[in-house]
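Residue numbers for the sequence shown follow the numbering used here, beginning at 2 and rising by one.
We put the CB at the ideal spot given by N, CA and C, even for glycine.
For reference, the structure discussed in these notes is given below.
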Amino acid sequence: MNRTEFLKLCGILGVGLPMQSALASCQQSTVAPSSFTGKVLIIGAGAGGLSAGYLLKQQGIAFEILEASSRFGGRMRINTTFADFPIPLGAEWLETSPSVFQEIVNDAKVSVNIKTVADDPDRKFVGSSWYSFFEEYIVPAVLPHIRYDHVVSSIDYSNLKIQVNSSKGTFVADKVIVSVPLKILQDKAISFSPSLPAEKLNAIANTNIWEGFKAFFEFSENFYGEGHEYAISPKTDGQKIYYDASLGQNTQKHILGLFVVGKPAQVYLSLSDAALKKYVLSELDALYANKASSKYLKHISQNWNAEPYIRGGYMSDYADWRTVKILGEPVADKLYFAGGAYTDGEDWVSVHTAARSAKVAVGNLLK
Ligand SMILES: Cc1cc2nc3c(=O)[nH]c(=O)nc-3n(C[C@H](O)[C@H](O)[C@H](O)COP(=O)(O)OP(=O)(O)OC[C@H]3O[C@@H](n4cnc5c(N)ncnc54)[C@H](O)[C@@H]3O)c2cc1C
């Protein structure tokens, strides 16, 4: 069973069958109060790392987040100057119920006000984004704990205290939550001492990470309707969609998004900006009776493979759930994993799954 099949099963079971309660996977986990009083280091300030820090803060646990780049958010990055609404350069759709916002905030006293609109089969943020949600509700609690430009290169968990080496010095902790993209571990950009268990190393090495690329083109009018999804064969190779990025937004602008992951993304990764414009316009002219070139205004793009601390799109939707489960498992009661790739093997790669995996990681850490 892969991610798509599993989600379908959850959907089927969601039609009021009592059996659903048997599937822990379709439910949320909770963080129980604990007597742990040590220090935690979180590596990476993306959705997983920020959520983990936020939950630790709620529990009054000491922590620091070491982030390699000079900003938080990772693959939730947005552009706020291209249009009159936030342009999501990475995570764009809400791939579950809006009730997940309250679940991530994990505090009944806070009422979340984020508007979304249906965009079958997912939802789109209206005048907002995954990044904006984190910026407003999660980041304020963790901001003082984030150490930017700290590139972690090694984690030594052979002693009682764990030693983490970064480009800005050495840190010591009782527990570490690893929340870097899976590709960073595949590339062995962080070394572990002792080595991670063989099963974990195999899972890291044998997982397919799709390339990731997005672009946004503004046109003087909408000639593309809702857009066009390419049939990728085999479907395990990836996904490529032109879609109406203005959908549901309070805007007069006509912005077409290109979302492409996996093999179909490869062609875009090496194009210069001028070559990208030419390539995309000729693709659109072919799809829409030569209407694109004459209505073009401007564009932006985001190549996730070229980001030094991301290095790819995300783990394939068609990864084997057993392998994914291993990626999420803790090591030696010292190392915990949180993020889009480190889940319980029943759903993965979305922002909400990264946040849920953080809840599981923090829950395990505090046990
Ligand atoms: C093109 C694209 C489209 C997507 N669309 C959606 C969508 O519509 N909906 C959705 O829910 N999800 C979507 N996703 C997936 C979603 O963005 C990710 O799964 C999620 O944001 C991952 O969060 P994370 O915390 O696991 O990792 P990241 O966000 O990648 O954060 C990891 C952090 O670790 C840092 N780091 C890396 N190496 C080091 C190091 N050595 N030391 C210290 N820090 C380090 C990085 O700088 C980064 O900030 C999309 C992703 C892409 C690429």
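With a threshold of 16 other beta carbon atoms within 10 Å, residue 253 falls short and is exposed.
It is roughly 23 Å from the alpha-carbon of residue 76 to the alpha-carbon of residue 155. Distance from residue 114 to residue 301 at the Cβ level is roughly 28 Å; contact not present, criterion being Cβ atoms closer than 8 Å. Taking 6 Å as the cut-off, one finds no heavy atom of ligand 1 near enough to the beta carbon of residue 276. Remark: C-beta atoms of residue 221 and residue 296 approach each other more closely than 7 Å. Nearest C-alpha to residue 159 among 84, 146, 185, 193: 193. Contact check for residue 367 against residue 37 passes: the beta carbons are separated by less than 7 Å. For residue 46, same chain residues with a beta-carbon under 6 Å away, outside a window of 5 residues either side, are 66, 68, 73, 147 in chain order.
Note on geometry: alpha-carbon atoms of residue 338 and residue 207 lie some 17 Å from one another. At least one heavy atom of ligand 1 falls within 6 Å of the beta-carbon of residue 67. Ranked by how close their Cα comes to the Cα of residue 41, the residues 281, 86, 177, 48 have 177 in first place. Residue range 352 to 367 is occupied by the alpha helix (DSSP H) that includes residue 361, with no beta strand (DSSP E) assigned at that position. DSSP places residue 193 in the strand class (E or B) of the three-state scheme.
Residue 93 and residue 214 have their alpha carbons spaced roughly 13 Å apart.
For residue 351 against residue 211, the beta-carbon gap comes to about 14 Å, at or over 8 Å, which does not count as contact. For residue 167, there is no enclosing alpha helix (DSSP H); the residue is found in the beta strand (DSSP E) stretching over 163 to 167.
At a cut-off of 6 Å, the beta-carbon of residue 232 does not count as near ligand 1: no heavy atom of the ligand is closer than that. Per DSSP, residue 279 is one residue of the alpha helix (DSSP H) stretching across 274 to 288.
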